[in-house]
Structures are given as structure tokens and as C-alpha cells.
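Please read the structure below before turning to the comments.
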Amino acid sequence: GEEVAQTPKHLVRGEGQKAKLYCAPIKGHSYVFWYQQVLKNEFKFLISFQNENVFDETGMPKERFSAKCLPNSPCSLEIQATKLEDSAVYFCASSRAGTTNEKLFFGSGTQLSVL
Amino acid sequence: DQQVKQNSPSLSVQEGRISILNCDYTNSMFDYFLWYKKYPAEGPTFLISISSIKDKNEDGRFTVFLNKSAKHLSLHIVPSQPGDSAVYFCAASPRNTGTASKLTFGTGTRLQVTL
């Protein structure tokens, strides 16, 4: 597709439940990025992929968070045993290349509410 | 430890006048700077960028200025239009160290263009 597609738009989970978010990058883009935006503040980088390989996972919480980009499937971000502080908007972005001056194209985000 | 700072949370400008949005950074490894615009319930969209080898980049009504010695950049919008009302995020990317395109964002400035 010609835009980054994120599903669902909204997700509500009780504390301790699992949450799974999906992202389909723009066709032809090799890099996928996940960002977390809490309370409309700064975007926190979580993880990036080059095709199906993890490129940079320095922002991923070590526990409870995992992500995958498998061939011919949307990328996914999964949170096991959600906590209240996981409530945020999760943005996915894609780019053609991973070079410094490559701009990112963002999806419209998934609003996760943990109650 | 906020490496990219936007100290003005909001700005109100009259239609037709100039809007100036400011951004400061602390990390001298940042090499490439971008401005993103964000409307409610949408993902950020790329607006304009500048490489550290330049001090100015212009695209239509939008100009970005970079002062490397001061670690400061600014976005000028002239003339401002009501459709420019949005949140503007400054972002920075380090030199290509293998973690390229991992953007560090500021907290955003909400621009309101009034009639």
C-alpha cells in the first residue's frame, strides 16, 4: 500500500491482559520502526526492523514487549501482561532505507488504553 | 535526559504573519534534523529537513535554519495559514552509525494560526 496501515485504531485491555498491535509498512519499504507516545509527549523509540531482522532494539523494554516482522505478514508489537503505564499511542513508521537522511512515514497509530 | 528540546509548548500566530518554532539539542552526534507536523488522531507527517552541512533549507513557505555552534534550529512558516495549525515536532538523527533513521523527537509545539 501507499501508506503505513496500523490496526486496530483503538485497543482497550485490562491490566495483565495481552495486547497485540499490527503494522503494514508501505510497499517497497525495507525498514519498520515502532515508537511509543505517552500523554502526547515525546516519541520514544522502541525497535526497528530491516525486513524481518531486528535492526535496533535498544528502546524495547526487556520484559513483556516483543515484536516481529515476518515475510508476507504485517509486523506486530505484542505486550504481555499489560500495565497501566503501557497506555499510550503506538506509532509504526517505515522507510525505504536505513540511511541517516531517510525520512520516516508514520501510520496513524494505535491508541492502547490499559484499565 | 531530553536530547531534543522544544521549550515552547504552544504558539499562537495571526494568519499571514510569520510563525517561528524553535528547537534545541544537546547531542553533538546529531547530524540530520527534521520537522514533522501532526494533526490530532493522525501520525506525524514529514515537513522539511536539514543536514548538518547546511545552515538553511527552504521549501515553499517553510524554511529551516540550523545553528550548529548553538545547537539550535528553527522552523519558519511564512505566511502562516489556518491549515498550519497542528503540533510540530523537531527530530534529530545521529550520524550513520548503523542505527540510522532512529529519530529522537522533541515534545512538540502546538501552533494555532488565528484568523
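Going down the list, the sequences are from chains A and B. Using this note's numbering, you'd call the opening residue of the first sequence number 1 and step up by one each time. Using this note's numbering, you'd call the opening residue of the second sequence number 1001 and step up by one each time. Glycine is no exception: its CB is placed at the ideal position from the N, C-alpha and C atoms.
Check: Just the Cα atoms here: how many angstroms apart are residue 1078/B and residue 106/A?; Outcome: 26 angstroms
Check: Output needed in chain order: residues of the stretch 1039 to 1059 of chain B with a Cβ under 9 angstroms from some Cβ in chain A.; Outcome: 1041, 1042, 1043, 1044, 1045, 1046, 1049, 1051
Check: Which residues of the stretch 29 to 47 of chain A have a Cβ closer than 9 angstroms to any Cβ of chain B? Give them in chain order.; Outcome: 31, 33, 35, 37, 40, 41, 42, 43, 44, 45
Check: Residues of chain B with a CB under 8 angstroms from the CB of residue 91/A: which are they?; Outcome: 1043, 1044
Check: Run through DSSP, which three-state label would residue 1082/B get?; Outcome: helix
Check: Skipping 5 residues on each side, what residues in its chain have a beta carbon closer than 7 angstroms to that of residue 1015/B?; Outcome: 1080, 1081, 1082, 1113, 1114, 1115
Check: Is it the case that the CB of residue 1042/B approaches a heavy atom of the ligand GTP more closely than 7 angstroms?; Outcome: Looking at this structure, you won't find the ligand GTP or any other ligand, since it has none at all.
Check: CB residue 1018/B to CB residue 1074/B, shorter than 8 angstroms?; Outcome: no
Check: Report yes if the C-beta distance between residue 42/A and residue 1107/B is below 8 angstroms; otherwise report no.; Outcome: yes
Check: Contact between the stretch 75 to 92 of chain A and the stretch 25 to 36 of chain A is defined here as three or more beta-carbon pairs at a separation below 8 angstroms; is this criterion met?; Outcome: yes
Check: Three or more C-beta pairs under 8 angstroms: does that hold for the stretch 10 to 21 of chain A against the stretch 1003 to 1010 of chain B?; Outcome: no
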